[in-house]
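K.L.:
The opening residue of the sequence shown carries number 0 in numbering that gives the first Met the number 0; numbering runs sequentially from there.
The structure under discussion is supplied below as structure tokens; questions concerning it will follow.
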Amino acid sequence: MDNIKLENKKKLSISIIDNDVMIQSMLVRILNLMNIERFELDIKTYKDGIQFFESKRIEETDEHLLILDGIMPGMDGIEILQKVKSDLSRHVYVLMLSGRKSPAEINKALKLGADDYVTKPFSIKELQTRVQQIIQRMKQ
């Protein structure tokens with residue numbers, strides 16, 4: 000019976016890009032505990048944007064959600080956001096998860112196409128709700 004349910008589920012690629020390994024593993028646990036109907040989660044973590052783009056994961060055809068840290072060495076979250084959103088042929092949803100809390104930083108990310116913005120430290124319940132809201136928009 001469970002196999003039939005899985006076959007009907009669409010794959011949802013979730014890429015967590017954060018240089019903090021503890022945040023990565025916590026996010027993976029949080030996401031795996033969520034009951035997300037209609038989607039089978041495919042979660043992968045990356046330490047930075049360079050590693051993410053080198054993986055070519057963005058070129059996968061399925062629905063894609065990026066959870067981006069705002070502050071990382073090399074390529075920060077805003078740079079990754081700009082690069083992802085510049086390719087209009089892809090339907091990528093972005094949740095910024097950052098220690099940057101200024102209204103100017105938040106507005107910049109949202110204007111560049113982030114679907115939501117959560118500041119660190121964050122509430123697990125709030126994060127789950129915001130991820131659920133983004134996934135609801137994907138279903139429409």
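C-beta: ideal position from N, C-alpha, C; glycine also.
1) Going by DSSP in three states, I29 sits in which element: helix, strand or coil?
2) At the level of alpha carbons, what is the spacing between G112 and R56?
3) Under the three-state reduction of DSSP, which class applies to K107: helix, strand or coil?
4) Three-state secondary structure (DSSP) at S12?
5) Would you mind stating whether M137 and E62 have Cβ atoms separated by less than 8 Å?
6) Measuring alpha carbon to alpha carbon, tell me which residue in I42, I22, Y116 and A108 is nearest Q81.
7) State the DSSP-derived secondary structure class of N2, mapped to helix, strand or coil.
8) Name the one or two DSSP bridge partners that F38 has.
9) Going by the beta-carbon positions, is the gap between I49 and I13 smaller than 8 Å?
10) Could you tell me if G69 is buried or exposed, where buried requires 16 or more neighbouring beta carbons within 10 angstroms of its beta carbon?
P.N.:
Let me lay it out:
1) The answer is helix: DSSP assigns I29 an H, G or I state.
2) In a straight line, the C-alpha of G112 is about 19 Å away from that of R56.
3) Correct three-state label for K107: helix.
4) Here S12 carries a strand assignment [DSSP, helix/strand/coil].
5) It is a contact, given that the beta carbons lie within the stated cut-off.
6) Among I42, I22, Y116 and A108, the Cα nearest to that of Q81 is on A108.
7) The predicted position of N2 is uncertain, since its pLDDT is 49 and thus under 50; a value taken from the coordinates is nonetheless stated next. Correct three-state label for N2: helix.
8) Under DSSP, F38 takes part in a beta bridge, and its partners are K9.
9) Their beta carbons are not under 8 Å apart, which means I49 does not touch I13 by this criterion.
10) G69 comes out buried.
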